[in-house]
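Going by our numbering, 23 is the number at position 23 of the sequence shown; the sequence numbering is gapless.
Each residue gets a CB set at the ideal place from its N, CA and C atoms; glycine is no exception.
Before any comments, here is the structure.
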Amino acid sequence: MGDFELSKKLDHVAFIMDGNGRWAKARGLARYFGHREACLRLREIFDTCLEFHIPFASYFAFSTENWNRPEDEIDHLMDYLEEFFRRDLPYIKDRGGRILISGDLGRIREKTRKVCMEAVEMTKGNRVHTMNICLNYGGRDEIVRAAKAFAEEVKEGSKETSDLTERLFARYLYNPDVPDIDLLIRTSGEERISNFMLYRLAYSELVFTKTMWPDFRRDAFIECLREFDSRHRRYGGLKDE
Ligand code: IPE
Ligand code: IPE
Ligand code: MG
Numbered sequence: 001m002g003d004f005e006l007s008k009k010l011d012h013v014a015f016i017m018d019g020n021g022r023w024a025k026a027r028g029l030a031r032y033f034g035h036r037e038a039c040l041r042l043r044e045i046f047d048t049c050l051e052f053h054i055p056f057a058s059y060f061a062f063s064t065e066n067w068n069r070p071e072d073e074i075d076h077l078m079d080y081l082e083e084f085f086r087r088d089l090p091y092i093k094d095r096g097g098r099i100l101i102s103g104d105l106g107r108i109r110e111k112t113r114k115v116c117m118e119a120v121e122m123t124k125g126n127r128v129h130t131m132n133i134c135l136n137y138g139g140r141d142e143i144v145r146a147a148k149a150f151a152e153e154v155k156e157g158s159k160e161t162s163d164l165t166e167r168l169f170a171r172y173l174y175n176p177d178v179p180d181i182d183l184l185i186r187t188s189g190e191e192r193i194s195n196f197m198l199y200r201l202a203y204s205e206l207v208f209t210k211t212m213w214p215d216f217r218r219d220a221f222i223e224c225l226r227e228f229d230s231r232h233r234r235y236g237g238l239k240d241e
């Protein structure tokens, strides 16, 4: 158990799991070994979320832009994702973990899509902690889809344009019950959003760490939690939260 407790409310932590390729390269390995190692980290991060009573965690696993990578790397990444579910899903499920997927699974190969959908189905009753896996996910893509879905309802007559509020708009996102992100962690030293959850990131605290994702373990996560806990969240006002 850690020597530290969060004093701030943290409902949703999001991870841009970056640096897998560089981690592997530094060891003289092919890039995909980094993705394999990356998937092995998820259980420990899940455990740490439980330890700190964080109800939601989102993981950027594959972006709409990652199709620009070599097919071989993409295939390996999907293999490791399937392996992760096979290996770790029973553990997650037994501890009250729920899996959600955000992103367009339509373009994901059938085997991976099936494993993902089964994980969602098998854990749908759980509420202790939700792992939202973002796969073929793009922040702009999600917003455009939401806008189209709302426009369709206006066209059908079940909604009026004037009904639209920020809160209502969020109901058209991939998983409406995922709350706003309190803390975004990006590993590997890059300091950008790379089209991650744009709508949910509006008032998130951003923490960038130089640690590569395959080296990101409980201690590194707790370090980020400490940083988050020391921030002053004001939401445009003058009082700290
Ligand atoms: C993040 O690691 C995982 C994905 C984008 C799928 P990278 O593969 O981007 O690793 P680097 O950034 O090249 O080191
Ligand atoms: C973001 O990482 C996407 C994921 C972690 C899945 P990238 O490595 O693809 O992002 P850029 O290209 O460095 O911005
Ligand atoms: Mg990268």
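- No heavy atom of ligand 3 is found nearer than 8 Å to the CB of GLU191.
- GLY97: member of the beta strand (DSSP E) spanning 97-102, first to last residue.
- In chain order, TYR80 place their CB closer than 7 Å to the CB of ARG36, counting only its own chain and leaving out the 5 sequence neighbours on each side.
- Here SER204 really is in contact with LEU184; their C-beta atoms are around 5 Å apart, less than 8 Å.
- Below 8 Å, too few C-beta pairs join the stretch 226-238 and the stretch 54-63 to call them touching: fewer than three.
- For CYS134, the pairing in a beta bridge is given by DSSP as PHE60, SER102.
- In the DSSP assignment, ILE143 falls within the alpha helix (DSSP H) that extends over 139-156.
- In the structure shown, VAL13 falls within a strand segment according to DSSP collapsed to helix, strand and coil.
- By the rule of a C-beta closer than 5 Å to any heavy atom of ligand 1, the residues picked out are ASP18, GLY19, ASN20, GLY21, ARG22.
- The beta carbon of LEU198 sits closer than 7 Å to those of GLY139, ARG140, ILE143, all from its chain and outside the five residues before and after it, given in chain order.
- Exposure of ARG192 is indicated by the presence of fewer than 16 other C-beta atoms within 10 angstroms of its C-beta.
- C-alpha of PHE169 to C-alpha of ARG226: approximately 32 Å in a straight line.
- Around the beta carbon of PHE4, a 10 Å sphere encloses fewer than 16 other beta carbons of the protein chains shown; the residue is thus reported as exposed.
- For ligand 2, no non-hydrogen atom lies closer than 8 Å to the CB of ILE74.
- With a threshold of 8 Å, the Cβ atom of SER102 does not count as near ligand 3, since no heavy atom of the ligand is closer than that.
- Not one heavy atom of ligand 2 falls within 8 Å of the beta-carbon of SER204.
- The criterion of a C-beta distance shorter than 9 Å is satisfied by ASN136 and GLY106.
- With contacts defined by Cβ atoms closer than 9 Å, PHE56 and LEU6 do not form a contacting pair.
- In the pairwise beta carbon analysis, the stretch 5-20 is classified as touching the stretch 205-222: at least three pairs are separated by under 8 Å.
- Here TYR32 is buried. Its C-beta has 16 or more other C-beta atoms within 10 Å.
- Sequence-distant partners of ILE99 (beyond 5 residues in either direction) whose C-beta falls short of 6 Å from its own C-beta, in its chain, are ALA119, VAL120, THR123, MET131.
- Across the structure, CYS116 and ARG27 are spaced so that their CA atoms are roughly 31 Å apart.
- According to the DSSP assignment, ARG186 belongs to the beta strand (DSSP E) that extends over 183-186.
- The beta carbon of ASP11 sits closer than 7 Å to those of PRO55, PHE56, PRO179, ASP182, all from its chain and outside the five residues before and after it, given in chain order.
- The Cβ atoms of ARG186 and LEU201 lie no closer than 9 Å to each other.
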